[in-house]
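Those sequence lines, one after another, are chains A and B. Going by the numbering used here, the first sequence opens with residue 6, and the numbers climb by one from there. Going by the numbering used here, the second sequence opens with residue 6, and the numbers climb by one from there. Have a look at the structure below, then the notes.
Protein chains: 2
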Amino acid sequence: MLTVAAIVTNLFEDSEFIDPAEALKKTGHTVVTVGIREGEVVWGKTDNSPVKIDRAVDSVSVDEFDALLIPGGYSPDKLRVFDEAVEFVRAFVTSGKPVFVICHGPQLLITARVLEGRRITGYASIVQDIKNAGAEYVDEEVVVDGNLVSSRGPADLPAFIRTMLEILE
Amino acid sequence: MLTVAAIVTNLFEDSEFIDPAEALKKTGHTVVTVGIREGEVVWGKTDNSPVKIDRAVDSVSVDEFDALLIPGGYSPDKLRVFDEAVEFVRAFVTSGKPVFVICHGPQLLITARVLEGRRITGYASIVQDIKNAGAEYVDEEVVVDGNLVSSRGPADLPAFIRTMLEILE
Numbered sequence: 006m007l008t009v010a011a012i013v014t015n016l017f018e019d020s021e022f023i024d025p026a027e028a029l030k031k032t033g034h035t036v037v038t039v040g041i042r043e044g045e046v047v048w049g050k051t052d053n054s055p056v057k058i059d060r061a062v063d064s065v066s067v068d069e070f071d072a073l074l075i076p077g078g079y080s081p082d083k084l085r086v087f088d089e090a091v092e093f094v095r096a097f098v099t100s101g102k103p104v105f106v107i108c109h110g111p112q113l114l115i116t117a118r119v120l121e122g123r124r125i126t127g128y129a130s131i132v133q134d135i136k137n138a139g140a141e142y143v144d145e146e147v148v149v150d151g152n153l154v155s156s157r158g159p160a161d162l163p164a165f166i167r168t169m170l171e172i173l174e
Numbered sequence: 006m007l008t009v010a011a012i013v014t015n016l017f018e019d020s021e022f023i024d025p026a027e028a029l030k031k032t033g034h035t036v037v038t039v040g041i042r043e044g045e046v047v048w049g050k051t052d053n054s055p056v057k058i059d060r061a062v063d064s065v066s067v068d069e070f071d072a073l074l075i076p077g078g079y080s081p082d083k084l085r086v087f088d089e090a091v092e093f094v095r096a097f098v099t100s101g102k103p104v105f106v107i108c109h110g111p112q113l114l115i116t117a118r119v120l121e122g123r124r125i126t127g128y129a130s131i132v133q134d135i136k137n138a139g140a141e142y143v144d145e146e147v148v149v150d151g152n153l154v155s156s157r158g159p160a161d162l163p164a165f166i167r168t169m170l171e172i173l174e
């Protein structure tokens, strides 16, 4: 069974963290929440989803994890101003380990400058940002390009989670 | 006295609409809120700032206004998925009339593809998006480049408002 880091902070899209995390746990994997401060409680956009941060991003290494989950909402916008969060995401993508990214999650990949030449999808509002980062934007429910697995938003969660579990098997 | 359109929807950064709008009104200008639906009430991030939308963006023309204000927060992220909002912003920038943009406001300019070769500032989280759009990111409290006037966020509001009022004189 594998250990998956989920990088998240306040205003995450609730279902985009909760549903994949529950599916991972139910299939025997371990989910470690990575955020700005260890022990901090962060909240989703609906204010109904408190999540405790297990590890501070400046204290973790890619070596400790088998895959990375980047939920969307406004959490990626908040995370991308922290150099340590951007570096962690960049290291994950370049490591070749699976990176599961949904909705606004690609914003972190843009700041990490790892999208040049990649095929990816994401939320409608950031399509031009994705294209300007040198990636090919693909309007499909799940796009797999090497270790990068992406979906557009909550409506794509079933396909996103199915693909994630298949890849981790 | 001039008529300034303020394009705004839910989750705007409260002070970035309220403070410039009040300053404009107090100096004799008219502020017209432009949003998705006429008559809709939208709310700022703090839930303390209800704003009634005067005009739907699909019913307005640049000819009706002398300048455009784009407050930040998450309002620009929500607006940039509406083609009519993007077209209105694009038409304003290319008209040569003043466009005052702050914080996440440049996200609308990115989707409108009007930043190539321009000098602009904006919120820290979107620096890479601004650069990828072909603009020069300038880390100053106010950047004036032709008709494009930009600031980084709430802390820059005094300088942003001073510059706005000077330009409209």
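Beta carbons are placed, not taken as given, at the ideal position from N, Cα and C, and that holds for glycine.
For this session: Would you check if the distance between the CB atom of A:Asp24 and the CB atom of A:Ile166 is smaller than 8 angstroms?
Result: The Cβ-Cβ distance between A:Asp24 and A:Ile166 falls below 8 angstroms.
Problem set entry | A:Gly44 Cβ short of 7 angstroms to the ligand NAD heavy atom set | Looking at this structure, you won't find the ligand NAD or any other ligand, since it has none at all.
Exercise. Residues of chain B with a CB under 9 angstroms from the CB of A:Ile75: which are they?
Worked result: At a beta-carbon threshold of 9 angstroms, none of the residues of chain B lie near A:Ile75; the nearest stands roughly 15 angstroms away.
Exercise. To which residues of the same chain is B:Phe17 closer than 6 angstroms at the C-beta, ignoring the five residues directly before and after it?
Worked result: Closer than 6 angstroms at Cβ, skipping near neighbours: Gly49, Pro76, Gly78 and Ser80.
For this session: Give a yes or no on whether 8 angstroms exceeds the smallest Cβ distance from B:Asn53 to chain A.
Result: No, its Cβ sits nowhere closer than 8 angstroms to a Cβ of chain A.
Exercise. Along chain B, in chain order, which residues have C-beta atoms closer than 9 angstroms to that of A:Tyr79?
Worked result: Going along chain B in sequence order, the residues near A:Tyr79 (Cβ under 9 angstroms) are Leu16, Tyr79 and Asp82.
Exercise. Expressed to the nearest angstrom, what Euclidean distance is found between the alpha-carbon atoms of A:Arg126 and A:Val143?
Worked result: Inspection of the sequence shows that residue 126 of chain A is occupied by Thr rather than by Arg. CA-to-CA, the gap between A:Thr126 and A:Val143 works out to about 5 angstroms.
Problem set entry | the segment 112-127 of chain A: positions lying closer than 9 angstroms to chain B by Cβ | When CB distances to chain B are screened at a threshold of 9 angstroms, the residues of the segment 112-127 of chain A falling below it are Gln112, Ile115, Thr116, Ala117 and Arg118, in chain order.
Problem set entry | Straight-line gap, B:Ser64 to B:Pro55 (C-alpha atoms, nearest Å) | One Cα belongs to B:Ser64, the other to B:Pro55, and the distance between them is close to 22 angstroms.
For this session: Output, in chain order, the set of chain A residues within a Cβ distance shorter than 9 angstroms of B:Ser130.
Result: The contacting residues are Pro81, Asp82, Lys83, Leu84, Arg85, Val86, Gln112 and Thr116.
For this session: Please work out which residues of its chain come closer than 6 angstroms, Cβ to Cβ, to B:Ala61, disregarding the five sequence neighbours upstream and downstream, and give them in chain order.
Result: Excluding positions up to five away in sequence, the list reads Arg42 and Glu43.
Exercise. Buried or exposed: B:Val147, going by 16 or more other Cβ atoms within 10 Å of its Cβ?
Worked result: Buried is the label assigned to B:Val147, since at least 16 other Cβ atoms lie within 10 Å of its Cβ.
Exercise. What residues in the segment 129-148 of chain A bring their beta carbon closer than 7 angstroms to a beta carbon of chain B?
Worked result: From the segment 129-148 of chain A, only Ala129, Ser130, Gln133, Asp134, Asn137 and Ala138 have a Cβ closer than 7 angstroms to chain B.
Exercise. When you compare each of B:Met169, B:Lys31 and B:Ala138 to B:Val149 by their alpha carbons, which one comes out closest?
Worked result: Per the C-alpha coordinates, the member of B:Met169, B:Lys31 and B:Ala138 positioned closest to B:Val149 is B:Met169.
Problem set entry | Among A:Glu171, A:Asn53 and A:Ala72, the one whose alpha carbon lies nearest that of A:Thr38 | Among A:Glu171, A:Asn53 and A:Ala72, the Cα nearest to that of A:Thr38 belongs to A:Ala72.
Problem set entry | Span of the beta strand (DSSP E) around B:Ile105 | At residue 105 of chain B the sequence reads Phe, which differs from the Ile that was named. In the DSSP annotation of this structure, the continuous segment of the beta strand (DSSP E) that includes B:Phe105 starts and ends at Val104 to Ile107.
Problem set entry | Bounding residues of the beta strand (DSSP E) (the contiguous stretch that carries A:Ala11) | Annotation for A:Ala11: the continuous beta strand (DSSP E) segment containing it runs Thr8 to Ile12.
Problem set entry | Contacting residues, own chain, Cβ-Cβ under 8 angstroms from B:Ala28 (five flanking each side not counted) | Correct list, in chain order: Ile166, Met169 and Leu170.
Exercise. Considering only residues of the same chain and omitting the five flanking positions on each side of A:Ala10, which have a CB-CB separation below 6 angstroms?
Worked result: Hits under 6 angstroms: Val37, Val39, Phe70 and Leu73.
Problem set entry | Residue of A:Arg85, A:Asn15 and A:His34 minimising C-alpha distance to B:Asp134 | The option with the nearest alpha carbon to B:Asp134 is A:Arg85.
Exercise. Using the C-alpha atoms, what's the distance from A:Pro159 back to A:Val91?
Worked result: Near 24 angstroms, if we compare the C-alpha coordinates of A:Pro159 and A:Val91.
Exercise. Among B:Ile12, B:Gly33, B:Val106 and B:Gly110, which residue has its Cα nearest to the Cα of B:Gly151?
Worked result: It is B:Val106.
Exercise. If you run the structure through DSSP and keep just helix, strand and coil, what is A:Glu45?
Worked result: Annotated three-state conformation of A:Glu45 is coil, per DSSP.
Exercise. So what's A:Glu21 in DSSP terms, helix, strand or just coil?
Worked result: Looking at A:Glu21 - three-state DSSP - the assignment turns out to be helix.
For this session: Give the range of the alpha helix (DSSP H) segment to which A:Pro81 is assigned.
Result: Its alpha helix (DSSP H) spans residues Ser80 to Leu84.
Problem set entry | Identity of the residue in B:Lys83, B:Pro163, B:Ser100 and B:Gly33 nearest B:Ser66 by Cα | Residue B:Ser100 is the option with its Cα nearest to B:Ser66.
For this session: On a CA-only basis, which of A:Val104, A:Ala129, A:His109 and A:Ile115 is nearest B:Thr116? Give me that one, please.
Result: Minimum Cα distance to B:Thr116 is reached at A:Ala129.
Problem set entry | Residues that DSSP places opposite A:Val98 in a beta bridge | DSSP lists no partner for A:Val98.
Problem set entry | Residue of A:Gln112, A:Asn53, A:Arg157 and A:Asp161 minimising C-alpha distance to B:Asn137 | Minimum Cα distance to B:Asn137 is reached at A:Gln112.
Exercise. Below 8 angstroms between beta carbons: does that hold for A:Gly122 and A:Gly110?
Worked result: Cβ distance not < 8 angstroms, so A:Gly122 and A:Gly110 don't count as in contact.
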